[in-house]
Amino acid sequence: IYNFGPPATLKAWSDLAARVKSTFKYSNDGKQVGLLEDKRVYLVITSGGTRVGSKEDFLTPWLTHVLNFFGIKNIHIISPGFSADCLETLEELQEENREYFMEAGGEQYEYIQCLNDDQKHLNFISNLVLKHTQGWNIS
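Written out as structure tokens, the structure is:
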């Protein structure tokens, strides 16, 4: 969240993507209808700090509105900013966000888990720690 709203590039994307007869249309009664129901979204979350659904969370309602406006009902969440899933991460990204998305009309929500149970990832983290802690006096 930048200044209580989406980052400028995300806002610009939504403005550029909102095209009548391409991403949405108006029905006979004047209501907007999203045309991207068959599309899948991969949402990459690279930072944290603002709890989803809190008073300070201005981005989730905005993004939910934008995705619904386009008719998007299938979303996959990826959070590479976390090197391991913890209970708080899982609760927020896997459960709370799913509820918000489904309540707003979403149909498929998938949280793609971190690499914390992959042996290559564990080896990488272990080697990184060993490399950068050489010479430390740990007694």
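Residue numbers (our numbering): 1 to 139. We put the CB at the ideal spot given by N, CA and C, even for glycine. Quick caveat: nothing in here was measured; it's all calculated off a predicted structure.
Residue i vs residue j beta-carbon contact at 8 Å
| i | j | result |
| --- | --- | --- |
| GLN32 | PHE69 | yes |
| TYR100 | THR133 | no |
| LEU35 | PHE24 | yes |
| VAL41 | LEU10 | no |
| ASN56 | THR64 | Looking at the sequence itself, residue 56 is Glu, so the reference to Asn does not match. No, the pair does not count as a contact, with Cβ atoms beyond the cut-off. |
| PHE4 | PHE58 | yes |
| GLY71 | GLU37 | yes |
The beta strand (DSSP E) enclosing residue i, as first and last residue numbers
| i | result |
| --- | --- |
| PHE24 | 24 to 26 |
| GLN32 | 32 to 34 |
| GLN108 | 108 to 112 |
Buried or exposed by the 16-neighbour rule on C-beta atoms within 10 Å, applied to residue i
| i | result |
| --- | --- |
| ASN97 | buried |
| LEU93 | buried |
Span of the alpha helix (DSSP H) around residue i
| i | result |
| --- | --- |
| ARG40 | First-last for ARG40: 40 to 44, but that is the beta strand (DSSP E), not the alpha helix (DSSP H). |
| ASN97 | 97 to 103 |
Are three or more beta carbon pairs between the segment 101 to 114 and the segment 58 to 76 nearer than 8 Å?
Flag = yes, the segment 101 to 114 and the segment 58 to 76 touch.
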